[in-house]
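Below is one structure, written out as structure tokens; the observations come after it.
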Amino acid sequence: VGEQVTLAWRPAAASWAQRERIAQILGLPLSEQNGKMIGVIYVFRELRAAHFQTADLDVLNIFARQATTTIQQARLASAMLAERRRLESMQSSFVSIVSHELQTPVSIIKGYAGTLARPDGPWSRDTVIRIAHTIEDECDRLYRLISDLLDISRIQAGRVAMSIGPVDLPDLAETLAERSRPRSSIHQFATDFPPDFPIIRGDREKLRQALGNLVDNAIKYSPSGGTITLGGRAEREHVVLYVRDTGIGIPREEQARVFERFHRVDTRLSRSTQGVGLGLYICRVIVEAHGGQIWVESDGPDRGSTFYIRLPR
Ligand code: ADP
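If you're matching positions, the sequence shown starts at 30 in this note's numbering and goes up one per residue.
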């Protein structure tokens with residue numbers, strides 16, 4: 030009858046119905062608008078009661094629809110509450126992570142500066158150079174973190190200013206690969222673009238920052254080395270860039286969330302790696318400001334990751 034469900038009568042169910050003197054059972058499906066069933070309400074009619082009438086079925090169907098809406102609203106409210114709790118906990122862990130990330134380089138710089146300043150320290154030239162390089166690296170780390178935080182505050186204030194012009198992406202990728210080679214002796218850097226790859230219009234500096242973040246991550250999250258490839262292909266209305274590594278990979282259920290603010294996949298490596306979970310969020314904002322999309326594909330842990338960016342031509 031209408032939206033009623035037909036029940037399969039198994040012998041056990043039949044004898045139960047007989048014992049309980051049940052003459053009729055109606056199953057009212059609780060179906061969402063997309064057809065997905067979220068539950069069923071069963072209505073029983075005793076032997077001695079009157080048969081279900083069409084009017085009863087109409088009332089029961091209205092009730093089922095209202096129950097469906099109520100369940101959907103309750104689920105939505107509970108999902109929103111869970112999301113709010115998740116964001117609140119992210120915000121508070123963000124403060125502690127950022128403080129820790131700021132504190133570590135500052136303590137290292139202070140320690141080394143103190144060492145250099147010791148009056149009894151007859152430091153060799155090599156030692157002084159090594160210490161100076163460490164101080165330089167730690168200053169770079171501080172600079173990167175502070176730039177990320179400034180980017181975030183600009184994004185939050187809705188001030189992502191774009192400076193649009195022609196961008197030669199294969200050239201940009203080659204420059205990035207070149208810049209990355211001295212930074213790691215265990216990684217190889219390759220580029221892979223077809224010869225007729227088009228010049229697109231975009232903000233060269235911001236796209237360099239987005240691709241640079243992806244390459245930095247590819248290095249960080251491939252601790253055993255391997256080849257990091259920056260490539261691209263042209264489609265009719267878009268270009269698709271990719272950065273591929275052979276590192277720790279990303280579980281499927283985390284692949285969308287890594288682009289959220291402060292989100293880090295909880296692995297032994299990420300716990301011991303510098304980072305606050307802002308790089309990919311900044312990439313996403315840059316790509317979306319270009320009218321593009323960013324996503325990641327990975328076959329899971331230790332199977333490498335490929336980040337894709339699609340931009341309009
Ligand atoms: P951060 O590296 O500072 O943690 P990101 O926003 O750049 O922040 O990345 C978010 C998280 O995504 C990282 O913490 C890491 O868990 C995961 N991730 C990013 N890039 C890769 C990659 N190439 N391979 C594996 N995991 C990655």
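All residues carry an ideal CB built from backbone N, CA and C; glycine is no exception. It should be emphasised that the depicted structure is a prediction, and the values quoted were computed from it without experimental measurement.
query: Residue(s) in a DSSP beta bridge with Gln322; result: Arg339
query: Ser251, DSSP secondary structure in three states; result: coil
query: Cβ-heavy atom distance, Ser253 to ligand 1, below 7 Å; result: no
query: Three-state secondary structure assigned by DSSP to Ala182; result: Looking at the sequence itself, residue 182 is Ser, so the reference to Ala does not match. Three-state DSSP puts Ser182 in a helix.
query: Continuous alpha helix (DSSP H) assignments of at least 4 residues falling wholly in the region 34-112; result: 40-48
query: For Arg281, the nearest candidate out of Phe288, Tyr310, Ser327 (CA to CA); result: Ser327
query: In DSSP terms, what Asp221 is bridged to; result: Gly260
query: Simplified DSSP state of Ile229, which is helix, strand or coil; result: strand
query: CA nearest to the CA of Arg170, picked from Leu340, Asp200, Gln303; result: Gln303
query: Test item: CB-CB of Met191 and Ala318 under 8 Å; result: yes
query: Arg29, DSSP secondary structure in three states; result: A query on residue 29 cannot be resolved here, the shown segment of the chain reaching from 30 to 342 and no further.
query: According to DSSP, residues forming a beta bridge with Pro148; result: Note: Pro148 sits in no beta bridge, so no partner.
query: Length of the line joining the Cα atoms of His292 and Gly241; result: 19 Å
query: Sufficient close CB pairs (3 or more, under 8 Å) joining the region 177-185 to the region 203-214; result: no
query: Anticipated Cβ contact below 8 Å, Gly333 with Asp274, distance rounded; result: 5 Å
query: Cβ neighbour criterion (16 or more within 10 Å) applied to Ile248; result: buried
query: With 16 other Cβ atoms within 10 Å as the buried cut-off, status of Phe288; result: buried
query: First through last residue of the beta strand (DSSP E) which encompasses Leu270; result: 267-273
query: Helix, strand or coil at Gly194 according to DSSP, with G and I counted as helix; result: strand
query: Asn242 beta carbon near ligand 1 (any heavy atom closer than 7 Å); result: yes
query: Stretch pair the region 192-211 + the region 154-172: three plus CB contacts closer than 8 Å; result: no
query: Inter-residue spacing [alpha-carbon to alpha-carbon] between Gln238 and Asn90; result: 56 Å
query: Inter-residue Cα distance where the pair is Leu307 and Thr258; result: 22 Å
query: Under 8 Å between C-beta atoms of Val272 and Gly261; result: no
query: Burial state of Phe73, where buried means 16 or more other Cβ atoms lie within 10 Å; result: exposed
query: heavy atom of ligand 1 below 7 Å from Gly56 C-beta; result: no
query: Sequence-distant residues of the same chain with beta carbon closer than 6 Å to Val30, five excluded per side; result: Its pLDDT being 36, under 50, Val30 is placed unreliably in this model, and the value from its coordinates should be taken loosely. So the list reads Leu86, once near-sequence residues are dropped.
query: Buried versus exposed, by CB contacts within 10 Å (16 or more), Arg188; result: exposed
query: From Asp331, Leu340, Leu298, Gly329, residue whose alpha carbon lies closest to that of Arg313; result: Leu340
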